[in-house]
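Data first, discussion second: the structure below is written as structure tokens.
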Amino acid sequence: MRKIKINWISGLCLSLACLCCMSFTFSGKGKTITNGNELIKEMYNRWEKKWYPNFAFEQRAIFYEEDKVTKEEIWQEIYSQPGNLHIRFNGFESGNGVVFKSDSLYTFKNNQLQAKTFQIHPLVLLAFDVYFLKPEDSVNKLEKIGFDLTKMTEAEWQGRDAYVIGTTDANDDKTPQFWVDKERLYVVRVLTNVKGSTRDVEMNNYQLVEKNWVAMEIIFKTNGKLTLREEYFNLSFPKKKNDTWYNPEQFKTAKW
Numbered sequence: 422m423r424k425i426k427i428n429w430i431s432g433l434c435l436s437l438a439c440l441c442c443m444s445f446t447f448s449g450k451g452k453t454i455t456n457g458n459e460l461i462k463e464m465y466n467r468w469e470k471k472w473y474p475n476f477a478f479e480q481r482a483i484f485y486e487e488d489k490v491t492k493e494e495i496w497q498e499i500y501s502q503p504g505n506l507h508i509r510f511n512g513f514e515s516g517n518g519v520v521f522k523s524d525s526l527y528t529f530k531n532n533q534l535q536a537k538t539f540q541i542h543p544l545v546l547l548a549f550d551v552y553f554l555k556p557e558d559s560v561n562k563l564e565k566i567g568f569d570l571t572k573m574t575e576a577e578w579q580g581r582d583a584y585v586i587g588t589t590d591a592n593d594d595k596t597p598q599f600w601v602d603k604e605r606l607y608v609v610r611v612l613t614n615v616k617g618s619t620r621d622v623e624m625n626n627y628q629l630v631e632k633n634w635v636a637m638e639i640i641f642k643t644n645g646k647l648t649l650r651e652e653y654f655n656l657s658f659p660k661k662k663n664d665t666w667y668n669p670e671q672f673k674t675a676k677w
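Residue numbers (the numbering used here): 422 to 677.
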């Protein structure tokens with residue numbers, strides 16, 4: 422999920438002949454996965470009604486330039502399925518933050534709405550929404566933001582087997598792609614490419630918290646250079662969604 426700076430939100434070789442004739446099939450837990458569509462369906466089937474629908478937490482947002490820390494902040498965030506995310510930058514009192522709702526991004530400064538733009542958040546989609554939306558809806562959104570679900574391979578990620586969707590070369594660091602833990606079926610890496618600028622996100626240090634799998638560290642790289650590290654703490658899983666959390670008109674007063 423992610424939580425990222427606003428500019429982040431707005432903000433991933435084989436020959437053609439080989440691509441046309443080669444077919445990849447991978448199996449795990451008795452299931453055969455041949456493409457991204459099938460993997461999305463398998464992720465949904467595995468965790469339907471088991472993944473957490475609401476998730477609140479704080480994070481240390483540590484910013485980097487040229488491998489040096491330039492700034493640290495504490496952010497407050499809350500997610501509710503499907504597609505709702507509210508982020509406060511450095512405290513509710515700052516009046517600064519963003520709200521994701523219905524594939525729109527609302528940006529606030531000093532509690533004033535600055536902009537509303539269309540935005541499908543790839544991390545929110547792959548880390549959370551994929552377990553709640555109908556698989557065909559998730560597939561449609563993923564294709565809209567540039568992932569080729571017909572291409573796949575597999576690789577090892579931090580000592581664990583992973584499916585790689587969007588490319589046939591696990592060493593490719595340019596093409597939009599996402600990596601999914603083969604056994605547990607949660608996302609571990611998302612790489613996007615916007616106008617030649619690559620954004621590589623690692624979802625690390627998964628831990629079971631109240632029987633829920635949570636990535637406790639998220640690392641963001643731009644064109645191979647570390648730009649942001651997020652460390653999560655004060656985690657909770659609200660039982661019910663409060664619509665005021667995600668109502669742009671109530672940004673100033675919304676708290677959780």
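Cβ atoms here follow ideal geometry from the backbone N, Cα and C, with glycine treated the same way.
Here the structure is a predicted model, which means the values were calculated and not measured.
DSSP places N466 outside any beta strand (DSSP E); the residue lies instead in the alpha helix (DSSP H), whose first and last residues are G457 to W468.
W600 is bridged by DSSP to V585 and R610.
In the structure shown, the three-state DSSP call for T665 is helix.
In the structure shown, the three-state DSSP call for L546 is helix. Straight through space, the alpha carbons of Q579 and F658 are spaced by roughly 27 angstroms.
Between M624 and V609, the C-beta spacing is below 8 angstroms. Burial state of T588 is buried, judged by a 10 Å Cβ sphere holding 16 or more other Cβ atoms.
In the DSSP secondary-structure assignment, R481 is bridged to I495 and E652. Annotation: the continuous beta strand (DSSP E) that includes D621 extends over S618 to V630.
Under DSSP, Y527 forms a beta bridge with V520 and K537.
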